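Letter by letter, the sequence shown follows residues 1 to 149 of full-length UniProt numbering.
Note that CB positions come from ideal geometry on N, CA and C, so glycine has one too.
As the structure is a computational prediction, the values presented were derived from the model and not from experiment.
Below you'll find the structure, written out as structure tokens, and then a few comments.
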Amino acid sequence: MGNSLRERVVAVGDKAPKFTVRTDRGREVSTTDFGGKVLVVNFWATWCPPCIEEMPSLQAMAQQLGPKGVVVLGVSVDKNDVSYKRFLQQARVSFETSRDPEANISADYGTFKYPETYIIDREGKVRQKIIGPQDWTAPEVIRSIESLL
């Protein structure tokens with residue numbers, strides 16, 4: 001059993017697992033839809049204080065780097081749809097979001113603690129894996145993501 005979990009953990013340098021989700025805007029998107037762009041996949045939940053703490057800076061980074069070719073996709077593991085939608089509305093989240101209540105996608109990445117974020121380059125390779133909250137507007141973080149463009 002220990003080996004099967006270890007085999008599912010996605011590491012820097014690995015090809016990012018493919019998935020398809022229906023976003024809250026009704027769009028069906030797949031990781032393959034973002035070819036040529038840098039994809040930031042953020043696994044989070046409304047019941048996770050560190051996730052909520054980093055959301056404003058993630059939002060700001062998405063607005064700053066979106067025009068340059070960075071796409072942020074928030075994948076929530078919330079089971080409660082009402083709480084999830086209420087939070088998105090109150091926080092005015094503008095990047096693409098989706099709810100994965102069974103945590104199937106995060107499990108494919110080997111993610112079981114939140115927040116956890118994967119930065120995937122234009123070729124679909126994981127370039128960074130960030131465990132825990134992050135200040136997404138910090139100059140070194142912005143430079144690091146921009147270096148993948």
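Please state if the CB of residue j and the CB of residue i are separated by a distance shorter than 8 Å.
i	j	result
Phe95	Ala60	no
Gly35	Arg122	yes
Val75	Ile105	yes
Val70	Lys18	no
In three-state terms, what does DSSP make of residue i?
i	result
Tyr84	helix
Ser98	strand
Keeping to the same chain, check which residues put their C-beta closer than 8 Å to that of residue i; ignore five residues upstream and five downstream.
i	result
Gly2	Bear in mind that a pLDDT of 42 at Gly2, under 50, signals an unreliable position, so the number given afterwards is only what the model happens to contain. Hits under 8 Å: none found.
Can you find a heavy atom of the ligand COA that lies under 7 Å from the Cβ of residue i?
i	result
Ser57	Absence of the ligand COA from the depicted structure is noted, as is the absence of any ligand whatsoever, leaving it without description.
Which same chain residues end up closer than 7 Å to residue i when comparing Cβ atoms and leaving out the 5 residues on each side of it in sequence?
i	result
Lys79	Pro101
Glu28	Thr20, Arg22
Asp24	Leu88, Thr97, Ser98
Ala103	Val77
Specify, as a first and last residue, the run of the beta strand (DSSP E) that residue i falls within.
i	result
Val141	Looking at the DSSP string, Val141 is not in any beta strand (DSSP E); the run it does join, the alpha helix (DSSP H), is 139–146.
Among the residues of its own chain, which have a CB less than 6 Å from the CB of residue i, if the five just before and after it don't count?
i	result
Thr111	Phe43
State the start and end residues of the unbroken alpha helix (DSSP H) segment that holds residue i.
i	result
Tyr114	Per DSSP, Tyr114 belongs to no alpha helix (DSSP H) and is neither H nor E.
Q | beta strand (DSSP E) runs contained entirely in the stretch 16–52, provided each spans 3 or more residues | A | 20–22, 28–30, 38–44
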